[in-house]
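Asker: Under UniProt numbering, the residues of the sequence shown are numbered 1 to 250, in order.
Idealized CB from N, CA, C, for every residue including glycine.
There's a structure below that I have some questions on.
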Amino acid sequence: MTNTRTALVTGASRGIGAAIAIGLAERGYDVALNGIDDGTSEIEKVADSIRLMGRRAEIYLADVSDKAQVQRMVSAALNTFGHMDAVVNNAGILIAGEVDGLPESTWDAVLDVNAKGSFLVTQAFLPSMKTRGYGRIVNIASIGGKHGAPEQAHYSASKAAVMGFSRVLAQEVGKQGITVNCVCPGIIMTEMGRVNLEDAAVRGAWQDKTAIGRIGNPDDVVGAVAFFASDESAFVTGQTLNVDGGIVFS
């Protein structure tokens, strides 16, 4: 094991992913940042923030639902960093719609990014982690995968799939020094989270529903991810941790 910790974070250009990437850098990690070419400079800003701390940050633009792009990204990241201690599968999309009118293409898009993306990125990193006998895989699921909300059946299905995938993978790779855990954010004030928060009354209802009495911020998710990415959680695997201010109690 080298002294320099490394982590790859998917969907790192904004919101929870950006907060995780910066939070890991603050804890001493060099970070590989994944995003898509969306015509903005958001991911560059995240990289600049990390570099200002004296940590390394490299950007890899790839669609996590495309196997060829994922394989190229993982190969390039391993070539640059030498190894990857932690992989945080955070990339996700939410396109709201009721089941009876939901286009098949929308179902496929959400499942492809949220569920298949986590599988493809993880699968691509497993050989190198097995060779080293070490790895920390942290999958960002959602409390939506536990109870869901109207117009989010496909999103809920995708996040439930991530949790099931993580529980089984943890059993397959635990003896090889690799742990696999899920973090389930609740209602977080991000660009995607605003789907649930556009209406003030809805926002207030969610706030009242939390035991802590507030909507979450992206930084609220960082600590749980950092724990699962570290050796502090060496004897924890196959688990899901709700980070929701007290909405789901299981």
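(1) Whole angstroms is fine: what's the gap from Met1's alpha carbon to Ala19's?
(2) Can you grab the Cα-Cα spacing for the pair Asn90 / Ile16, in whole Å?
(3) Would you call the segment 111–120 and the segment 53–67 in contact, with 3 or more CB pairs under 8 Å?
(4) The alpha helix (DSSP H) with Val202 in it runs from where to where?
(5) Report the CB separation of Cys184 from Lys146 in whole angstroms; it is logged as a contact under 8 Å.
(6) What is the residue span of the alpha helix (DSSP H) that Gly17 lies within?
(7) Does the separation of the CB atoms of Gly35 and Ala12 fall below 8 Å?
(8) Could you pull out every residue in the same chain whose Cβ sits closer than 6 Å to the Cβ of Phe227, ignoring the five residues on either side in sequence?
(9) From this set, Ala201, Leu61, Ala224 and Ile137, which residue's C-alpha is nearest Val87's C-alpha?
(10) Any contact between the segment 170–179 and the segment 233–243? By contact I mean 3 or more CB pairs, one from each, below 8 Å.
(11) Nearest-angstrom Cα distance between Val202 and Arg132?
(12) Could you compute how far the alpha carbon of Thr190 sits from the alpha carbon of Ala77?
(13) Using three-state DSSP, classify Gly82 as helix, strand or coil.
(14) Select from Asp37, Asp30 and Ser128 the residue whose C-alpha is nearest the C-alpha of Glu58.
(15) Measuring alpha carbon to alpha carbon, tell me which of Asn139, Ile95 and Gln123 ends up nearest Ala161.
(16) On the DSSP bridge list, what partners appear for Tyr60?
(17) Would you decide whether Ile43 is buried or exposed? Buried here means 16 or more other CB atoms lie within 10 Å of its CB.
(18) Can you grab the Cα-Cα spacing for the pair Ile212 / Ser250, in whole Å?
Answerer: This is what the structure holds:
(1) Within the sequence shown, the letter at position 1 stands for residue 1. Within the sequence shown, the letter at position 19 stands for residue 19. For Met1, the predicted model reports a pLDDT of 44, less than 50, meaning its position is unreliable and no value from the coordinates is stated.
(2) Looking up residue 90 in the sequence shown gives position 90. Looking up residue 16 in the sequence shown gives position 16. So the two alpha carbons sit approximately 8 Å from each other.
(3) With the cut-off at 8 Å, the segment 111–120 and the segment 53–67 touch.
(4) Translated into the one-based positions of the sequence shown, residue 202 becomes position 202. Unbroken alpha helix (DSSP H) run through Val202: Ala200 to Lys209.
(5) The residue labelled residue 184 in the question sits at position 184 within the sequence shown. The residue labelled residue 146 in the question sits at position 146 within the sequence shown. Separation of the CB atoms of Cys184 and Lys146 is rounded to 7 Å, and the pair is thereby assigned contact status at 8 Å.
(6) Counted from its first residue, the sequence shown places residue 17 at position 17. Residue range Gly15 to Glu26 is occupied by the alpha helix (DSSP H) that includes Gly17.
(7) Position 35 of the sequence shown holds residue 35. Position 12 of the sequence shown holds residue 12. Yes, Cβ-Cβ distance for Gly35 and Ala12 is below 8 Å.
(8) The count along the sequence shown starts at 1 and reaches residue 227 at position 227. Taken in chain order, the residues that qualify are Ser233.
(9) One-based indexing of the sequence shown puts residue 87 at position 87. Of the candidates Ala201, Leu61, Ala224 and Ile137, the one whose C-alpha sits nearest the C-alpha of Val87 is Ile137.
(10) By the Cβ test, the segment 170–179 is in contact with the segment 233–243, since at least three Cβ pairs between them sit closer than 8 Å.
(11) As a working mapping, residue 202 is identified with position 202 in the sequence shown. As a working mapping, residue 132 is identified with position 132 in the sequence shown. Each residue's CA atom was taken as its position, placing Val202 and Arg132 some 48 Å apart.
(12) Along the sequence shown, one-based indexing puts residue 190 at 190. Along the sequence shown, one-based indexing puts residue 77 at 77. Taking the straight line from one Cα to the other gives about 27 Å.
(13) Looking up residue 82 in the sequence shown gives position 82. Three-state result, Gly82: coil.
(14) As a working note, residue 58 is residue 58 in the sequence shown. Selected option, being the one with the closest Cα: Asp30.
(15) The count along the sequence shown starts at 1 and reaches residue 161 at position 161. Nearest of Asn139, Ile95 and Gln123 to Ala161, Cα basis: Asn139.
(16) Position 60 of the sequence shown, counted from the start, is the residue given in the question as residue 60. In DSSP, Tyr60 forms a bridge with Asn34.
(17) Residue 43 sits at position 43 when you count from the first residue of the sequence shown. By the neighbour-count rule (16 or more Cβ atoms within 10 Å), Ile43 is buried.
(18) For the purposes of this step, residue 212 is taken as the residue at position 212 of the sequence shown. For the purposes of this step, residue 250 is taken as the residue at position 250 of the sequence shown. If you take the alpha carbons of Ile212 and Ser250, they lie about 16 Å apart.
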